[in-house]
Amino acid sequence: MRPTRALLNGMFVFHAASGCSATSNTAPNEPATAPTPKASEAAPASSRSDSPAPGADHTASAPDPACAIVKDLQMVQIAQGKTARTSLDVAVTYNGTEHDSYEGGRTDTIALLTFRGILENGELTPSALSWRPSALAPPTWTHLGSMPLCVRITDARQQGITLELFRANAR
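Have a look at this one:
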């Protein structure tokens, strides 16, 4: 069975024969489009580690209605090549970044993340969801439908990445 691609809420979803799915902010050979940052989000990507405090208003960058109400926010820092487990019964692996070039000379840095469930016995599920967001875009909540989680990158570097995530309602 050949992998297929479909557009879902502005994200391209790739379905592989193994039943795993992968999402990407962009289709091959298409430039990434980032939402226009609000005044509160105008910091350059290199200083994104200054994310709001846990009690702050996290709804300002929630274009997806499923991520509009933040509850039980967790922050996780993951070194390249490592997997971090969360109390949300989800493990996240950070596989570094890759460089992507587009027609017209635009470039982007893509973060390579894999999400897997944690079984009752502590083992990771065989199925996984791969997410390949822009590491340079402003922090924006993204709903990872099949998990269901809302995730955003607050700091991305080749050596490690910082994510904020919370359990969201299924669609």
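Going by our numbering, the sequence shown opens with residue 14, and the numbers climb by one from there.
All C-beta atoms, glycine included, are put in the ideal place defined by N, C-alpha and C.
| Item | Value |
| --- | --- |
| When G118, D113, R165 are compared against V83, the one with the closest alpha-carbon | R165 |
| Anticipated Cβ contact below 8 Å, L142 with S159, distance rounded | 6 Å |
| Inside the region 76-112 only - beta strand (DSSP E) runs reaching at least 3 residues | 87-92, 96-98 |
| Bridge partners - E177, DSSP secondary structure assignment | M88, R165 |
| Backbone secondary structure at G117 - three-state DSSP | helix |
| Proximity to L149 [Cα-Cα], best of G130, R170, L101 | R170 |
| Best match in F179, R180, I123, L162 for proximity to N108 [C-alpha to C-alpha] | I123 |
| Whether R208 touches L125 by CB criterion (9 Å) | Residue coverage of the chain in this structure runs from 14 to 184, which leaves residue 208 outside it and unanswerable. |
| Integer-rounded CB distance, given that V105 should sit under 8 Å from T3 | Examination of residue 3 is not possible in this model, given that the chain is present from 14 through 184 alone. |
| Residues near R129 by beta carbon distance below 6 Å, same chain, minus five either side | A104, L137, T138, A141 |
| Close Cβ partners of T155 (< 6 Å) along its chain, the five nearest in sequence each way excluded | V164 |
| Neighbour-count burial assignment, L132, 16 or more Cβ in a 10 Å radius | exposed |
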